[in-house]
Amino acid sequence: MPVKFKVIQKKNPQDLAATPKSYAIAISDGTVDIDRLSELVADGSTVRQNDIYAVIIGLVNVIQGELKEGRSVNLGKLGTFATSISSAPSDTPAEVNASNIKSAKVNYRPGKEIKNMLKTLSYSKISA
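Sequence positions in the sequence shown follow our numbering and run 772 to 899.
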């Protein structure tokens, strides 16, 4: 099934007088929650859905713990999760401390197989 997309127009924030350009943006075709994921995995294996659900919840807890410890989490084919931070600037390195940190987020880098899958996607434009 192809990835659906629609067309939007965006102005150049550096030149608001310029003619807007058209861009394709992906449209979600629904959401799969943890219950459905565990059901799908169970259908393709000999493990029961509730066991898979428990493993997924356990995996999330372990990933959170490892990220809190400052470690990246490499899940092989799935990819790698790592923490990144954003901070306020200071004039000198000595002035930088934990209070400069404004926010943290999790970066995800897909594994090789997911990267390869992205190269083979097909697309379908939806009418506006």
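Every residue gets a Cβ at the ideal spot worked out from N, C-alpha and C, and that includes glycine.
Tell me where the alpha helix (DSSP H) around residue i begins and ends.
i, result
"Asn-887", "883–889"
"Ala-869", "Careful: Ala-869 lies outside any alpha helix (DSSP H) and carries neither H nor E."
For residue i, which option in the options has the closest C-alpha, if you only look at C-alpha atoms?
i, options, result
"Ser-857", "Glu-866, Val-812 and Ser-874", "Ser-874"
"Ala-813", "Ile-827, Ser-895, Ala-797 and Thr-851", "Ile-827"
"Gly-836", "Pro-791, Arg-807, Thr-802 and Thr-854", "Thr-854"
Under 8 Å Cβ to Cβ from residue i, same chain only, skipping five residues before and after it: list those, please.
i, result
"Asn-821", "Ser-809"
"Thr-891", "none"
Does the distance from the CB of residue i to the CB of residue j come in under 8 Å?
i, j, result
"Ala-789", "Phe-776", "no"
"Asn-871", "Ala-859", "yes"
"Ser-898", "Pro-773", "no"
In the DSSP assignment, the beta strand (DSSP E) including residue i goes from what residue to what residue?
i, result
"Ile-856", "850–858"
"Ile-897", "Taken as a continuous stretch (DSSP letters only), Ile-897 belongs to no beta strand (DSSP E), as it is neither H nor E."
(request) Return the chain-ordered ranges of every beta strand (DSSP E) run that is complete within the segment 786–844 and spans a minimum of 3 residues. (result) For the segment 786–844, the continuous beta strand (DSSP E) assignments of 3+ residues that do not extend past its boundaries occur at 792–798, in sequence order.
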